[in-house]
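Residue numbers (the numbering used here), protein chains in the order written: chain A, 1 to 464; chain B, 465 to 928. For reference, the structure is listed below as structure tokens.
Here you go:
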């Protein structure tokens, strides 16, 4: 019997977030007999981190609703999920994962290992933000259910909340706290909101709309915190250009200034780390070390268009890497395309936005042309049409669609169509000919996607 | 001066529907100096025929709202729009269009001619449907504003309406009359609703939902009408299989059994007519006769996938042919792709549906595989997700996506993404890797589009 057990493959997975959990599922689908063990340092099995703001706003009733795969689910799938078990070391020589659950040491052998250690928040250097090693009470990053539970205690109608960072998570949180009746301020060091998602001309549409509902400081750095009884009371911010300072009263401070890959275990094990700080993986989601895979926010892979390394925490990427690593770790053969499109979307203050591909600042300005069109979701004669603005970025030589951004009605689904165009390296004139679905209550004969391409195509022809 | 005028190109356009109107606009954009004349036999300049049901339902307030380009608009664009002017003949030898406005003969020379004569309703051979040459009072097809105005007089809450034909227009009208409070019956000779748009497994979803709201007879032929005082009172229908007859009381009968291309002028002029009965056009929208173009419902072009000739009245196609013919007639160079995707959508009884590419019955059954997935528009943990079912049809040899159908949330925009895949002859495994936009309030990490492709891909691999 002992002999028989040994002939099955041992797959170890570190982390049971979306990446680790998905890997485990697809490893199981690929090899029904393998021994799969998942180490999770926290108290919760696979849950949606992206859903946390919506529990805080009340859209999702309970934190437990976010759990996508329960401990029972893993048990039924014959996956050995070790909760509250923190991995200390990957013993590459002996192919062992060494962990601790409380004071008990747990050792598991592996033939294939998948690292899904995620990322950790970047806490900006704000004076007095910590007392000792701990953040001041009332100051939180939003990464885990535990963070969210702490934040929830500070949510109170009429009280003041400040968010540092006007990226997707910062603005999602701003909307959620605003819905909770809080008086919300957002501080962003860049000159625009959503600096990593939209170009300035597109983010301006968002900025104008949200400025009516919250206090927004762009081009401001948070420099100092003032606390009372160990609780945050005020935050000092400074205009980067003019050095003018302002003091914002606040009862709650959310840090949403991005994350960095959590790579310490992988680095010690010898996996190559890339220039973005993530674990380098290939199209099999394998690291520089054979049989060691990595997925999700802790990794670095290529942008599809620029072929430059990127490390971004998008659920859509995590899941696709998880599928890939799970299949390959279990002996299957599944490859990602050569780079990620970075398709993403969000919605706040009743504005939907989405983007695909690199933003203009990541492309060589001399090699691209863009076209932007603002139109409506329905034909002009049909009541109830909503505004939608689309921007496409194309290659000046080939006419190839490299990227697109959308703000307004059904932005996400429209960007999916443009993502399909980017993936196919489709040229703008072919896209102009795409017959989009038309019916008066649903969409106009020429969708705004097509019209944005018309603008780009005309600009392209003028320069040729 | 006379000499100068003569050196400009004369462009004549027959018909000011979406096809003719769009042609005129793009001819003007292409050549600012050309003399453009448009002959329109009716009383209304370019308006949306597809919008007519929504005026009848009250969604659009007035018939005049449907006018997309007014007589003033054409005047400002320096386009000579001749209203209520019926073309009698195209004199090919002398390059003249000969028309009549009342008793006055109007002759205009052309260098390029665009025929946009549309289509006319097919009236099925129902006994007593006509008195002399006229349809019985209360019996109408819905093609023009005038038809719709006549229908509107028969719309009355609590009264009975019957629709022959459960295609897109038939079901749009059923919903509209149902919204008006009428008691609606739909009679369809085929065994399913939407026989030209969806396969049976997909149309069943629609059929089940609408059967709760209206009386639906599929597999029934309308055979006889009974009138009183020249007004319709009853319609006799017969089950095609069992020959069982039923009598349906009705105060209004809408004929929605399709249309046939209106080609008489083109045929007399010598343009080749294809096997579907439409004027054959090429990728420049040019007919078999040099300098004579044709656009829209009167034409026949290729299906993109099967390369078989098709003649279908879709606004999205009409407009794209109009753009093409307009540019080319004015001396530009613009080509359509080799075939139409036939992307289409509609919405009735709160069900959105869409499709792209040929339906299964137009593809060789032995050469294709399909994958269907029913899922939700949002992640399971986010409240308010709506049902969406997607079917993809792929080539068994190449894995290439040939067609797709969707019923449910955002069906049209999802089909647009799949239309982009069909146009790029994308294979199903590449599509599975498409990163779709994800955010909890907007879409799940793996969109139903991707999951339908997973199903097809797995079936494909099993057979390989």
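Even for Gly, the Cβ is constructed at its ideal location relative to N, Cα and C. These numbers come from a predicted model, not from an experiment.
State the start and end residues of the unbroken alpha helix (DSSP H) segment that holds residue i.
| i | result |
| --- | --- |
| residue 417(A) | 411-423 |
| residue 26(A) | 18-30 |
| residue 918(B) | 912-927 |
| residue 54(A) | 52-56 |
| residue 787(B) | 779-793 |
| residue 666(B) | 664-675 |
Give the interface partners of residue i over in chain B, defined as CB-CB distance under 7 Å, in chain order.
| i | result |
| --- | --- |
| residue 426(A) | 888 |
How close, in whole Å, do the beta carbons of residue i and residue j come, if the pair is a contact with beta carbons under 8 Å?
| i | j | result |
| --- | --- | --- |
| residue 197(A) | residue 355(A) | 5 Å |
| residue 909(B) | residue 319(A) | 4 Å |
| residue 789(B) | residue 757(B) | 4 Å |
| residue 768(B) | residue 742(B) | Between residue 742(B) and residue 768(B) the Cβ distance is about 16 Å, and since that is not below 8 Å, they are no contact. |
| residue 639(B) | residue 812(B) | 4 Å |
| residue 502(B) | residue 544(B) | 7 Å |
| residue 165(A) | residue 188(A) | 6 Å |
| residue 389(A) | residue 202(A) | 7 Å |
| residue 621(B) | residue 644(B) | 7 Å |
Can you confirm whether residue i, when its beta carbon is compared against all beta carbons of chain A, has any partner nearer than 8 Å?
| i | result |
| --- | --- |
| residue 934(B) | Nothing can be reported for residue 934(B), as the shown portion of chain B is limited to 465 through 928. |
| residue 430(B) | Look at the range of chain B in this structure, 465 to 928, and you will see that residue 430(B) is not part of it. |
| residue 747(B) | no |
| residue 877(B) | yes |
| residue 904(B) | yes |
| residue 484(B) | no |
| residue 900(B) | yes |
| residue 784(B) | yes |
| residue 789(B) | no |
| residue 864(B) | no |
| residue 480(B) | no |
| residue 793(B) | no |
| residue 804(B) | yes |
Can you confirm whether residue i, when its beta carbon is compared against all beta carbons of chain B, has any partner nearer than 8 Å?
| i | result |
| --- | --- |
| residue 5(A) | With a pLDDT of only 47 at residue 5(A), under the threshold of 50, the placement of this residue in the model should not be trusted, and no figure is reported. |
| residue 416(A) | yes |
| residue 278(A) | no |
| residue 343(A) | yes |
| residue 118(A) | no |
| residue 410(A) | yes |
| residue 445(A) | yes |
| residue 317(A) | yes |
| residue 203(A) | no |
| residue 298(A) | no |
| residue 48(A) | yes |
Give me the chain A residues within the contact set of residue i, using Cβ-Cβ distance strictly less than 8 Å, ordered along the chain.
| i | result |
| --- | --- |
| residue 919(B) | The contacting residues do not exist; residue 919(B) stays about 14 Å from chain A at best. |
| residue 518(B) | 382, 440, 441 |
Alpha carbons only, please: which of the options is nearest the one belonging to residue i?
| i | options | result |
| --- | --- | --- |
| residue 88(A) | 315(A), 293(A), 266(A), 347(A) | 266(A) |
| residue 169(A) | 51(A), 396(A), 260(A), 263(A) | 51(A) |
| residue 610(B) | 509(B), 503(B), 876(B) | 509(B) |
| residue 506(A) | 141(A), 428(A), 372(A), 26(A) | The structure shown does not extend to residue 506(A), since chain A spans only 1 to 464, so no value can be given for it. |
| residue 923(B) | 765(B), 687(B), 856(B) | 856(B) |
| residue 60(A) | 548(B), 844(B), 869(B), 850(B) | 844(B) |
| residue 14(A) | 328(A), 8(A), 23(A) | 23(A) |
| residue 913(B) | 900(B), 906(B), 742(B), 904(B) | 900(B) |
| residue 353(A) | 97(A), 313(A), 344(A) | 344(A) |
| residue 614(B) | 498(B), 867(B), 527(B), 566(B) | 527(B) |
Taking C-beta pairs closer than 7 Å, name the residues in chain A that residue i reaches, listed in chain order.
| i | result |
| --- | --- |
| residue 800(B) | 433 |
| residue 530(B) | 381 |
| residue 735(B) | Residues of chain A passing the Cβ test: none, with the nearest at roughly 24 Å. |
| residue 811(B) | 439, 441, 442 |
Specify, as a first and last residue, the run of the beta strand (DSSP E) that residue i falls within.
| i | result |
| --- | --- |
| residue 524(B) | No beta strand (DSSP E) holds residue 524(B); DSSP gives it neither H nor E. |
| residue 344(A) | 344-348 |
| residue 560(B) | 560-565 |
| residue 836(B) | 832-840 |
| residue 867(B) | 865-872 |
| residue 758(B) | 756-758 |
Using a cut-off of 8 Å between C-beta atoms, extract the partners of residue i located in chain B.
| i | result |
| --- | --- |
| residue 176(A) | Neighbours of residue 176(A) on chain B: none; closest Cβ ~11 Å, over 8 Å. |
Can you list the residues of chain B that residue i reaches, using a CB-CB cut of under 9 Å?
| i | result |
| --- | --- |
| residue 357(A) | Here the premise fails: no neighbours, minimum Cβ distance about 11 Å. |
| residue 51(A) | 843, 845, 846, 904 |
| residue 354(A) | 901, 903, 906 |
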